[in-house]
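Student:
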Amino acid sequence: MYRIAIYGIGGLFNYGCEAIVRGTVYFIRKMYGEDCQITYYSRNYDYDKSITDEIGINIENIDTKSTFFTKCVSKAIDILKIQAVPFFNAEFEHIISNSDIIFSVGGDIYTIPAYTRNQKRYRYVNYLVEFGEKALKKGKKLFIYGASIGPFGSYDKALEYYRRHFKKVSGIICREQTSVDYLKTLDVADNVALLPDPAYLVKDQSEGKTFEKKYIGINLSGLSIYELYGGVNESVFLKLADLLANISRKNNKPLMLIPHVLNPYEEQDNDEIFLEKLYEKLPEDVKAGSVLVHPESFIDAKNYLKQCAVVAAARMHCAVNAITVGTPAIFLAYSSKALGMSDFVYGSRDWCIDLKNIESELPDKIEKMLNESDAVKALISDCRSKVTEHYAEYFSKHKEDK
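Just so you know, we're using the working numbering here: the sequence shown kicks off at 782 and counts up by one.
#1: Could you compute how far the alpha carbon of I1028 sits from the alpha carbon of P1144?
#2: How do the region 908-922 and the region 1076-1089 stand: do at least 3 beta-carbon pairs fall below 8 Å, yes or no?
#3: Which whole-angstrom value describes the C-beta separation of R803 and V983, a residue pair presumed to lie in contact below a C-beta threshold of 8 Å?
#4: Around the C-beta of Y821, are 16 or more other C-beta atoms found within 10 angstroms, so that it is buried, or is it exposed?
#5: Would you check if the distance between the CB atom of L967 and the CB atom of L1021 is smaller than 8 Å?
#6: Which class does N1044 belong to by DSSP, given the choice of helix, strand or coil?
#7: Apart from the five residues just before and just after K1183, which ones in its own chain have a Cβ nearer than 6 Å to its Cβ?
#8: According to DSSP, simplified to helix, strand and coil, what is S885?
#9: What is the DSSP secondary structure of K965, counted as helix, strand or coil?
#10: Would you kindly work out how many angstroms separate the C-alpha atoms of V910 and I930, rounded to a whole number?
#11: Would you check if the distance between the CB atom of I790 and the CB atom of V866 is smaller than 8 Å?
#12: Give the list of continuous alpha helix (DSSP H) stretches no shorter than 4 residues that lie fully inside the region 908-975.
#13: Could you check the C-alpha separation between I832 and L1160 for me, to the nearest Å?
#14: To the nearest angstrom, report how far apart G1070 and M1150 are at their CA atoms.
#15: Taking contact to mean at least 3 C-beta pairs separated by less than 8 Å, is the region 1042-1061 in contact with the region 1101-1121?
#16: Among H1075, P894, V1092 and L1136, whose alpha-carbon lies nearest the alpha-carbon of A1158?
#17: Between K1034 and I997, which are expected to be in contact by the criterion C-beta below 8 Å, what is the C-beta distance as a whole number of angstroms?
#18: Cα separation between I785 and K811?
#19: Considering only the beta carbon of each residue, do C955 and I1039 sit closer than 8 Å?
#20: In the structure shown, what three-state DSSP assignment does T820 receive?
#21: Would you list, in sequence order, the uninterrupted alpha helix (DSSP H) runs of no fewer than 4 residues that lie entirely inside the region 1022-1078?
#22: May I ask you to report which of helix, strand or coil DSSP gives G804?
#23: Within the region 1097-1163, note down every full alpha helix (DSSP H) run reaching 4 residues or more, in order along the chain.
#24: Give every residue of the same chain whose Cβ lies closer than 8 Å to the Cβ of P736, excluding the five residues on either side of it in the sequence, and list them in chain order.
#25: Buried or exposed: which applies to H875, given that a residue is buried once 16 or more other Cβ atoms fall within 10 Å of its Cβ?
#26: Tell me the rounded alpha-carbon separation between E1047 and L793.
#27: What distance in whole Å lies between the Cβ atoms of Y963 and A939, which are believed to be in contact at a cut-off of 8 Å?
#28: Identify whether N825 lies in helix, strand or coil by the three-state DSSP scheme.
#29: Closest to I847 by CA distance: which of R824, V1013, K949 and E941 is it?
#30: Assuming N1044 contacts I1147 (C-beta within less than 8 Å), just tell me the rounded distance between them.
#31: Quick check: the Cα distance between G1003 and K1137, rounded to an integer number of angstroms?
#32: Rounding to the nearest angstrom, what Cα-Cα distance links A895 and R945 in this structure?
#33: When the Cα atoms are used, what is the spatial distance from S935 to D834?
#34: When the Cα atoms are used, what is the spatial distance from Y828 to I843?
#35: Let's test the definition: count the other Cβ atoms within 10 Å of the Cβ of R729 and tell me whether it reaches 16, buried, or not, exposed.
#36: Given F873, which residues of its chain have a CB within under 7 Å of its CB, disregarding the five upstream and five downstream residues?
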């Protein structure tokens, strides 16, 4: 019986991460059989356990409390750009010794932020790469699944660091073509495959139920808006509230504000807190018919997304979640992953907006999507068929490669 580890997720309060774990479990069981032993290594044990219990996998708590000393050392490493990852060795050894196969999963876990890579010399070391190197040296199989890869900038040492590691990995299963193309620029191709995001594998538990599609769904976060305005203050909330009010009035539809990440540790990364403040700033005539909902999971969010005629989402997995239930979605992009996902779903980037252009483009884009709803739904239906076909082909080809 295979012992299989899922590692790399910060916490399932991010419903996109929940979807990745759920989809990865489905993928693993199709590849290695229902009797394999799957363990998810969690940094948010108390919350995550309810999800892992539901899907029938083991969970281990790997969260460690930072001390004043560890915080000081970590800060010094960042400032001095030291290429090291301290304090992880015991965690690495524990996971590696208790696993035969490891799935490194997550969204933007193999990339370097723009503000870092724009520097001439920067810190590029990644704890998942360090972990992977140790696992491979111990003879373990290591797969990267459901991640977006790159970019890593133009610093030669950074590029070589990632190139060297990726060439050794047992398999890299990318979720969009842009990552596959980027890996080719690093001369990494032989162990790379393209498969739809794991979120597409998560079953809709209310399939067959019908909902009135009366709302325009909106997903925004403090994190995404910070990227747009460089901060979040009263004037930003008023500006966004005015934008959304005009969209609601123009299309004669109320708004549904839908959080998709409820980070309890970082307010800026908690959609619910941000959307509560935004909801309060809506004009009374718009607020009267609009709702701020409180989904409890990725699965529960589907029930709200089904009530929307269209969804505009900054969280990529919120848009994907809408698409999985047949609701047209506009990707509000603040990273390259949304571009690749729009390409996959729609065959173009017509329904993807750079978050910087939200004020000028979103009103017309929502109106156009509502007017072209049937054509967009046909593209979504084709996309969902592609997901089934891609995975069936992959399982048929690779199931024996264990």
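Built from N, CA and C at the ideal position, the CB exists for glycine as well.
Tutor: Taking the geometry as given:
#1: 6 Å
#2: no
#3: 5 Å
#4: buried
#5: no
#6: coil
#7: Only weak support exists for where K1183 lies, its pLDDT of 48 falling under 50; the coordinates are left without a value.
#8: strand
#9: helix
#10: 12 Å
#11: no
#12: 908-918, 937-949 and 958-966
#13: 32 Å
#14: 21 Å
#15: no
#16: It is worth fixing the name first, because residue 1158 is Lys in this sequence and not Ala. Nearest option by C-alpha distance: V1092.
#17: 5 Å
#18: 13 Å
#19: no
#20: strand
#21: 1052-1062 and 1065-1070
#22: helix
#23: 1097-1105, 1117-1127 and 1139-1152
#24: Residue 736 lies beyond the range of the chain shown here (782 to 1183); nothing can be said about it.
#25: exposed
#26: 14 Å
#27: Incorrect: roughly 13 Å between the Cβ atoms, too far for contact.
#28: coil
#29: For the sequence presented, residue 847 should be read as Ser rather than Ile. Minimum Cα distance to S847 is reached at R824.
#30: Rounded, the Cβ-Cβ distance is 27 Å, inconsistent with contact.
#31: 14 Å
#32: 22 Å
#33: 43 Å
#34: 13 Å
#35: Beyond the ends of the chain as shown, which are 782 and 1183, falls residue 729; an answer cannot be given.
#36: F912 and K915
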